[in-house]
Amino acid sequence: MFYKEDITLTTKEVVLDEATSKHIVQVLRMKNGEQLQLTNGKGHLFTAEIKDDNRKKCVVTVLKTISQQPSTTNNTIAISLIKNTSRFEWFLEKTTEIGVAEIVPLICERTEKIAFKLERMKSILVSAMLQSQQTWLPVLHEPVKFATLVNQSKQEQKFIAHCEDENNKVSITSQLLNSSTSKLILIGPEGDFTKQEIELALQNNFIPVALGETRLRTETAGVVAATLLCIN
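Heads up: the sequence shown runs through residues 124 to 355, numbered per our numbering.
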């Protein structure tokens, strides 16, 4: 499967970019008349036939289109940016494979790094979507400040996973409603959320939850949260 963002249901012919063309023609050694699949990341799967096997601008003709419904789970992971970019990219890859709907990078009081290359991160999502044979690309937002997100959140169920006051938290799986309910979970930075951030979340009806019995790294907590939300 290959990604072509601007392909639509009315598209008849597609000229692929050089990188994709090279992979198809030189690496996979596909020829005129052979078929391949494309997606636009918006729930559409296109079956196409190679018309011109040019390694710089391969041309394909769309033969068939299938529209796929999005997952019944509508889950958003809001997670603090972390110092190690490669670990954050790992988180993006795995949560895309799992099937989250939206990802929001958070800027918290204890977030140590706020640099964020959106296009680079989107490319990670595209690769993970294709690898896992999905046709829906998660929405990746620009980084947002913690208070802004918390005050503007509209999801039906909202959770915050933090390390304070273990006795007053419940297992997230015990709180989940049906899969169609929109859900948001907040994952903090390496130093955890501040007491003020936790209090603000509680004031906005976020439920404090535990993700297990051990202390997890930020990116690991994000993947665990995504898994628990998506399988329930």
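Yeah, the Cβ is synthetic: ideal placement off N, Cα and C, and Gly gets one too. This structure is a prediction, so every number in the text was calculated from the model and none was measured.
Hey, how far is the Cα of residue i from the Cα of residue j?
| i | j | result |
| --- | --- | --- |
| Arg-332 | Ile-321 | A small correction: the amino acid at residue 332 is Val; Arg does not occupy that position in the sequence shown. So the two alpha carbons sit approximately 12 Å from each other. |
| Thr-162 | Lys-245 | 15 Å |
| Ile-147 | Asn-301 | 42 Å |
| Pro-266 | Leu-204 | 8 Å |
| Gly-335 | Thr-343 | 11 Å |
| Leu-299 | Ile-237 | 31 Å |
| Val-227 | Ala-251 | 17 Å |
| Thr-196 | Ala-171 | 30 Å |
| Asn-177 | Thr-131 | 22 Å |
| Thr-234 | Thr-134 | 44 Å |
| Gln-158 | Ser-194 | 27 Å |
| Gly-345 | Gly-222 | 13 Å |
| Asp-129 | Val-150 | 24 Å |
| Val-347 | Ile-200 | 11 Å |
| Leu-229 | Phe-169 | 35 Å |
| Leu-186 | Gln-160 | 10 Å |
| His-167 | Lys-145 | 23 Å |
| Ile-202 | Asp-175 | 44 Å |
Which of the three DSSP states is assigned to residue i in this structure?
| i | result |
| --- | --- |
| Ala-238 | coil |
| Val-182 | strand |
| Thr-317 | coil |
| Gly-264 | The sequence given here has His at residue 264, not Gly. Note: His-264 maps to coil in three-state DSSP. |
| Thr-296 | helix |
| Leu-159 | strand |
| Val-223 | coil |
| Leu-373 | Residue 373 falls outside the range modelled here, since the chain spans only 124 to 355, and no answer is possible. |
| Asn-301 | coil |
| Glu-136 | strand |
| Lys-165 | strand |
| Asn-274 | helix |
| Arg-152 | coil |
| Lys-145 | helix |
| Ser-194 | coil |
Would you say the beta carbon of residue i is closer than 8 Å to some non-hydrogen atom of the ligand GDP?
| i | result |
| --- | --- |
| Ser-276 | The ligand GDP is not among the ligands present in this structure, which contains no ligands whatsoever. |
Please identify the residue among the options whose C-alpha is closest to the C-alpha of residue i.
| i | options | result |
| --- | --- | --- |
| Phe-269 | Ala-324, Ala-142, Lys-281 | Ala-324 |
| Leu-139 | Cys-231, Ile-147, Lys-180 | Lys-180 |
| Gln-192 | Ala-201, Ser-203, Ser-294, Gly-164 | Gly-164 |
| Lys-281 | Lys-187, Val-347, Ile-295 | Ile-295 |
| Asn-328 | Thr-350, Ile-354, Val-347, Gln-278 | Gln-278 |
| Thr-219 | Glu-235, Lys-206, Asn-198, Ile-230 | Asn-198 |
| Ala-91 | Gln-149, Thr-184, Leu-307 | As displayed, the chain neither begins before 124 nor continues past 355, which places residue 91 out of reach and without an answer. |
| Arg-243 | Ile-230, Leu-263, Cys-231, Glu-232 | Leu-263 |
| Ile-247 | Leu-352, Glu-216, Asp-288, Glu-287 | Glu-216 |
| Lys-292 | Thr-304, Ile-330, Ser-305 | Ile-330 |
| Ser-303 | Arg-152, Thr-317, Met-124, Ala-224 | Ala-224 |
| Ser-92 | Trp-213, Leu-309, Cys-231, Arg-152 | Shown here, the chain extends from 124 to 355; a query on residue 92 therefore has no answer. |
Name the DSSP bridge partner or partners of residue i?
| i | result |
| --- | --- |
| Phe-282 | Ile-308, Ile-330 |
| Asp-176 | None, per the DSSP bridge assignment. |
| Lys-187 | Thr-170 |
| Trp-259 | Lys-165 |
| Thr-199 | Glu-225, Leu-307 |
| Phe-125 | Leu-161 |
| Ile-230 | Lys-268 |
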